[in-house]
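A.B. asks: The structure's right below; bear with me while I get my questions together.
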Amino acid sequence: ALDEKIRLGFHAVYNQTANGNLDSVLETAYNINVISPTWFSLSDNAGNFTHIASHEYVQIAHDRGIQVWGLVEDITNKKTIDTYEILGNHVSRTHLIEGLVEAALAYDLDGLNIDFEGIRRRDGVHFVQFLRELSIRCREEELILSVDNYPPSGRLYYDYDEQGVIVDYVVLMGYDEHW
Numbered sequence: 072a073l074d075e076k077i078r079l080g081f082h083a084v085y086n087q088t089a090n091g092n093l094d095s096v097l098e099t100a101y102n103i104n105v106i107s108p109t110w111f112s113l114s115d116n117a118g119n120f121t122h123i124a125s126h127e128y129v130q131i132a133h134d135r136g137i138q139v140w141g142l143v144e145d146i147t148n149k150k151t152i153d154t155y156e157i158l159g160n161h162v163s164r165t166h167l168i169e170g171l172v173e174a175a176l177a178y179d180l181d182g183l184n185i186d187f188e189g190i191r192r193r194d195g196v197h198f199v200q201f202l203r204e205l206s207i208r209c210r211e212e213e214l215i216l217s218v219d220n221y222p223p224s225g226r227l228y229y230d231y232d233e234q235g236v237i238v239d240y241v242v243l244m245g246y247d248e249h250w
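Numbering-wise, my numbering puts 119 at position 48 of the sequence shown, and it's gapless, one number per residue.
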């Protein structure tokens, strides 16, 4: 965890070329100390993912004193993946966790930001278990773990209280988006 207030900015990165836009993004992103690029996308029900992480991006951010928490999402391939199949199966869940931690270490990330927006009621208990198991691996490797959540109305199966115990930071998605 950081010893100061988190000032996090999300960076929508949709291809490898967009990683080169970090300098221009930071020109208008005043005073942030964490950036979360959208790099990791679940790709199948076996716990595999694709990514567009960049060593150069991380180096630029670190040179400016900014931590990088790679964002992991389930939106890009939502028509071909099933979070219940991934998170509810010990083998695929473990494969995903180990792959994410390995990638975070390979790219010298400071942490991971989990942004699963397709969680349904039947996924809730498995999502929390995923966070629990991932948090153990993150702590072992000194990686920060944060999770993005919708406002709580009607989504009690996300178990916000337990998430607050498990992860380092819970991010409430109560912000404006802009392009």
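Glycine included, every Cβ here is placed at the ideal spot set by N, Cα and C. Please read these numbers as outputs of a predicted model, since none were measured by experiment.
Can you check which of these residues, S163, R164 and N90, is closest to I131 by C-alpha distance?
C.D. replies: Here residue 131 refers to the residue found at position 60 of the sequence shown. Residue N90 is the option with its Cα nearest to I131.
A.B. asks: Give a yes or no on contact between the segment 154 to 173 and the segment 101 to 119, applying the rule of three or more CB pairs nearer than 8 Å.
C.D. replies: Flag = yes, the segment 154 to 173 and the segment 101 to 119 touch.
A.B. asks: Of all the alpha helix (DSSP H) runs that stay within the bounds of the segment 155 to 227, which reach a length of 4 or more residues?
C.D. replies: Here the runs fully enclosed are 161 to 177 and 195 to 211.
A.B. asks: What do you get for A175, buried or exposed, if any count of 16 or more other CB atoms within 10 angstroms of its CB means buried?
C.D. replies: On the sequence shown, position 104 is the one that residue 175 refers to. By the 10 Å Cβ count, A175 comes out buried.
A.B. asks: In whole angstroms, what separates the C-alpha of Y87 from that of H126?
C.D. replies: For this step, residue 87 is matched to residue 16 along the sequence shown. For this step, residue 126 is matched to residue 55 along the sequence shown. According to the sequence shown, residue 87 is Gln rather than Tyr. One C-alpha to the other measures close to 11 Å.
A.B. asks: State the CB to CB distance for the pair G182 and Y229, rounded to an integer number of angstroms; the pair is presumed to be in contact (CB under 8 Å).
C.D. replies: Indexing the sequence shown from 1 puts residue 182 at position 111. Indexing the sequence shown from 1 puts residue 229 at position 158. Not really, about 20 Å apart at Cβ, beyond 8 Å.
A.B. asks: Taking just the CA atoms, how far does L171 sit from C209?
C.D. replies: In the sequence shown, residue 209 corresponds to position 138, counting from 1. In the sequence shown, residue 171 corresponds to position 100, counting from 1. Whole-angstrom Cα-Cα distance: 10 Å.
A.B. asks: Please state if the CB of I137 and the CB of I185 are separated by a distance shorter than 9 Å.
C.D. replies: Counting from one through the sequence shown, the residue named residue 185 turns up at place 114. Counting from one through the sequence shown, the residue named residue 137 turns up at place 66. No, the pair does not count as a contact, with Cβ atoms beyond the cut-off.
A.B. asks: What residue does the alpha helix (DSSP H) around T99 start on, and which one ends it?
C.D. replies: Counted from its first residue, the sequence shown places residue 99 at position 28. Looking at the DSSP string, the run of the alpha helix (DSSP H) that includes T99 is L93 to T99.
A.B. asks: Using the three-state DSSP reduction, which class does V28 fall into: helix, strand or coil?
C.D. replies: Limits of the chain in this structure are 72 at one end and 250 at the other, which puts residue 28 out of reach.
A.B. asks: Go ahead and label P223 buried or exposed: buried means 16 or more other beta carbons lie within 10 angstroms of its beta carbon, across all protein chains shown.
C.D. replies: Your numbering for residue 223 matches position 152 in the sequence shown. It counts as exposed.
A.B. asks: Just reading off the alpha helix (DSSP H) that V129 is part of, what are its end residues?
C.D. replies: By 1-based counting over the sequence shown, the position of residue 129 is 58. Note, V129: alpha helix (DSSP H), H126 to D134.
A.B. asks: Terminal residues of the continuous beta strand (DSSP E) containing I106?
C.D. replies: Stepping through the sequence shown from its first residue, residue 106 is reached at position 35. Here the beta strand (DSSP E) through I106 covers V105 to L113.
A.B. asks: Short check: CB of S217 to CB of V242, under 9 Å?
C.D. replies: Sequence index remark: in the sequence shown, residue 217 carries index 146 (1-based). Sequence index remark: in the sequence shown, residue 242 carries index 171 (1-based). Yes, these two residues count as a Cβ contact at 9 Å.
A.B. asks: With a CB to CB cut of under 7 Å and the five nearest residues on each side skipped, what residues in its chain are close to I190?
C.D. replies: Position 119 of the sequence shown holds residue 190. These residues qualify, in order along the chain: T154, F198 and Y229.
A.B. asks: Measure the beta-carbon distance from E188 to D145 and round it to whole angstroms, keeping in mind my assumption that it falls under 8 Å.
C.D. replies: To locate residue 188, count along the sequence shown from 1; it is residue 117. To locate residue 145, count along the sequence shown from 1; it is residue 74. Rounded, the Cβ-Cβ distance is 7 Å, consistent with contact.
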